[in-house]
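Q: So that you can map any letter, position 472 of the sequence shown is 472 in full-length UniProt numbering, and since no number is skipped, the others follow by simple counting.
For each residue, glycine too, the CB sits at the ideal point set by N, CA and C.
Every value quoted in this text rests on a predicted model; they were computed, and no experiment measured them.
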Amino acid sequence: MALIGWNSVRGIAKHLSRNRSAVCSTCITCKPALQSKLQSVYILQTASMSGSTNDTLYTKEVKGFLDDLYKLVMDEAMVKGTDRAEKVVDFKHPEELKALLGLSIGETGATNEELLEACRKAIKYSVHTGHPLFINQLYCGGDPYGIAGSWVVEALNTNQHTYEVAPAFILTEAFIVEKMKSFVGYKGGDGIFSPGGSLANMFGIHLARFSHEESLNSTGLFNSKRLMLFTSDEAHYSTSKGSSFMGFGRDSVVSIKTDSQGRMMASDLEEKVNECIAKDCIPLCVVATCGTTVLGAYDDLNAIADVCEKHKMWMHIDAAWGGSALLSKTHRSLMSGVERSDSILWNAHKMMNAQVQCSMFLVKEKGLLERCNCGNATYLFQQDKFYDVSYDTGDKTVQCGRKAEAFKLYLMWKAKGDKGFEMQIDKAFDNARYLTEKVRATEGFRPVLPEFQCTNISFWYIPPSLRGQEETPEWWDKISKVAPKIKERMVMKGNMMIGYQPLKYRNMVNFFRVIIQSPALNYKDMDFIVEEIDRLGQDL
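#1: Between the C-alpha atoms of residue 365 and residue 176, what's the straight-line distance to the nearest angstrom?
#2: Given a cut-off of 8 angstroms on the beta-carbon distance, is the pair residue 180 and residue 362 in contact?
#3: How is the alpha helix (DSSP H) around residue 516 delimited, first residue to last?
#4: With DSSP as the reference, identify every bridge partner of residue 499, one or two as the case may be.
#5: Mapping the DSSP letters down to three states, classify residue 165 as helix, strand or coil.
#6: Please list, in chain order, all residues of the same chain as residue 467 whose beta carbon is under 8 angstroms from its beta carbon, the five residues on each side excluded.
#7: Under a Cβ-count criterion, where at least 16 other Cβ atoms within 10 Å of its own Cβ denotes burial, should residue 388 be classed as buried or exposed?
#8: Tell me whether residue 322 sits in a helix, a strand or coil according to DSSP, three-state version.
#9: Can you tell me which of 125, 65 and 337 puts its alpha carbon nearest to the alpha carbon of residue 93?
#10: With a threshold of 16 other CB atoms inside 10 Å of the CB of residue 50, please say whether the residue is buried or exposed.
#11: Quick one: Cα of residue 46 to Cα of residue 242, how far?
#12: Contact between the region 471-478 and the region 296-314 is defined here as three or more beta-carbon pairs at a separation below 8 angstroms; is this criterion met?
#13: Compare the beta carbon distance of residue 318 and residue 235 with 8 angstroms and say whether it is the shorter of the two.
#14: Mind the definition here: the region 57-69 touches the region 94-102 only if three or more C-beta pairs lie below 8 angstroms; say whether that holds.
#15: Less than 8 angstroms separating the beta-carbons of residue 229 and residue 205?
#16: For residue 431, which residues in the same chain have their Cβ closer than 8 angstroms to its Cβ, ignoring the five residues on either side in sequence?
#17: Less than 8 angstroms between C-beta atoms, sequence neighbours within five positions excluded: which residues of the same chain meet that for residue 266?
#18: Using three-state DSSP, classify residue 534 as helix, strand or coil.
#19: For residue 80 and residue 140, what's the separation of their Cα atoms in angstroms?
#20: Keeping to the same chain, check which residues put their C-beta closer than 8 angstroms to that of residue 359; ignore five residues upstream and five downstream.
#21: Measure the CB-CB distance between residue 263 and residue 208 and report whether it falls below 8 angstroms.
#22: I need the boundaries of the beta strand (DSSP E) containing residue 64, first residue and last residue.
#23: Output the distance between the C-alpha atoms of residue 537 and residue 284, rounded to the nearest integer angstrom.
#24: Below 8 angstroms between beta carbons: does that hold for residue 498 and residue 490?
#25: Select from 171, 461 and 373 the residue whose C-alpha is nearest the C-alpha of residue 218.
#26: So residue 283 is in the beta strand (DSSP E); what residue range does that whole segment cover?
#27: Under a three-way DSSP split, which group does residue 387 fall into?
#28: According to DSSP, is residue 84 part of a helix, a strand, or is it coil?
#29: Going by the beta-carbon positions, is the gap between residue 403 and residue 160 smaller than 8 angstroms?
#30: Considering only residues of the same chain and omitting the five flanking positions on each side of residue 463, which have a CB-CB separation below 8 angstroms?
#31: Tell me which same chain residues have a C-beta within less than 6 angstroms of the C-beta of residue 174, skipping the five on either side of it?
#32: Using 8 angstroms as the threshold, is the region 403-423 in touch with the region 506-515, meaning 3 or more CB pairs across them?
Shown next, in the form of structure tokens:
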């Protein structure tokens with residue numbers, strides 16, 4: 001009795017129900033794992049067909065699989081994946097990796113061991129962002145307590161839009177909103193977790209438009225004077241992309257000059273605003289940045305707020321990266337004037353080390369989020385519910401479906417306390433200071449800036465063959481090829497990951513950008529970064 005020809009798991013279950021005493025000597029007897037899987041499916045399927053009250057997805061076999069998977073993830077991803085003695089990445093090119101992964105889905109289900117093997121391969125060939133020397137991006141491997149919070153959220157799988165379906169998580173989000181507002185300095189106001197920093201920046205622009213003229217939510221921009229947005233030439237690209245997405249158009253974004261440190265120049269902002277007014281355009285919103293993506297600059301918030309107040313513009317702050325300085329008594333002065341803003345984005349999945357994503361959008365005016373985004377979806381947000389509907393959050397945001405991101409941050413914060421987070425932020429800044437001094441003192445290394453405000457440390461590496469030469473355009477062209485080559489070597493070696501990029505408008509060719517945020521980093525790691533780059537580039 002061969003298994004060939006069965007086209008579905010349901011068909012297998014039906015076949016077993018008709019032939020419970022039959023055993024295939026060539027298939028089932030010699031494949032006990034398959035027999036166990038089929039019998040498990042049979043129990044689920046026949047129970048479902050009979051209407052049994054004992055129906056469950058979590059059979060003994062499924063629970064065994066989850067236990068095995070937990071051990072695999074704990075051992076390989078969380079413990080081994082954060083060990084300095086292990087690789088950050090076992091890099092394979094796409095076609096080779098496709099073959100190694102063996103991606104496939106059959107007509108019938110795979111065994112638990114096959115599923116575990118798929119997970120094992122995914123872990124093996126992924127980048128281990130929790131490794132201390134993954135210093136490539138503005139995020140790193142998540143905090144253990146944050147991971148625990150994520151498990152709870154994933155297991156409960158609810159939507160963060162009404163108190164009705166997410167009571168514990170709704171209250172947790174409200175608590176975290178109040179907590180983060182206290183650090184920003186908003187006395188009233190509101191907030192909501194957003195699916196990423198880019199969208200949170202768009203939230204700020206969206207509220208700016210609504211605050212300027214509420215009717216634009218209904219009529220659109222067709223009969224309006226042109227609304228202009230202002231942000232620095234070091235700002236994140238999401239303002240430009242958002243202006244296109246929201247109908248302003250990219251040409252409605254005015255780029256403001258930055259100083260030698262990468263900070264928006266308030267004098268140029270004032271000049272550009274006046275130029276727009278002279279063209280009969282409306283200066284709508286300034287997007288200031290605290291912790292720019294590349295240079296880590298903090299804009300002068302008080303100077304920008306003065307311009308915004310003078311011209312009645314909305315002031316939004318993109319503090320996705322640098323906002324966590326607010327947690328430190330030593331470094332919060334970098335964000336002096338933050339309380340004068342109208343809205344702010346703060347990504348906890350960056351320097352606070354929460355799991356991606358964990359983005360908070362805060363606004364100074366209470367009630368504005370609902371008024372701007374209310375969709376009157378009566379199948380969700382009935383006003384005659386049996387509980388206090390003011391706790392429902394779905395009408396505060398442009399999308400309905402949201403994960404309960406606040407809970408993982410809550411669990412982290414509860415485990416660390418305010419003091420624990422302050423120590424974590426202070427340690428990141430201290431490591432960055434040490435690395436800056438190391439770069440300055442090491443032959444062949446040249447910092448991009450004389451001082452760095454945040455924990456992005458950028459520098460050129462000059463190999464021995466190019467030292468002591470006249471720095472002509474041809475010389476700089478050769479330097480531009482150094483960082484990409486060293487990056488390739490370190491990734492193939494697998495012991496470290498560091499990003500690089502040029503800043504063409506500053507006439508800066510490719511340089512390394514080291515992101516210091518992992519709580520596991522120490523001075524020895526800073527030494528290793530410099531020494532390893534020097535080793536990898538000696539023969540260039």
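A: Taking the definition as stated:
#1: 17 angstroms
#2: yes
#3: Looking at the DSSP string, residue 516 is not in any alpha helix (DSSP H), and its letter there is neither H nor E.
#4: 513
#5: coil
#6: 443 and 444
#7: exposed
#8: helix
#9: 125
#10: For residue 50, the predicted model reports a pLDDT of 43, less than 50, meaning its position is unreliable and no value from the coordinates is stated.
#11: With a pLDDT of only 44 at residue 46, under 50, the local geometry of the prediction cannot be trusted, and no value is derived from it.
#12: no
#13: yes
#14: no
#15: yes
#16: 455, 516, 521, 522, 523, 525 and 526
#17: 300, 303, 304, 306 and 307
#18: helix
#19: 15 angstroms
#20: 193, 194, 195, 196, 197, 199, 200, 320, 345, 346, 347, 348, 349 and 405
#21: no
#22: It is not in any beta strand (DSSP E) - residue 64 instead sits in the alpha helix (DSSP H) that spans 60-72.
#23: 48 angstroms
#24: yes
#25: 373
#26: 282-289
#27: coil
#28: coil
#29: yes
#30: 444, 482, 537, 538, 539 and 540
#31: none
#32: no
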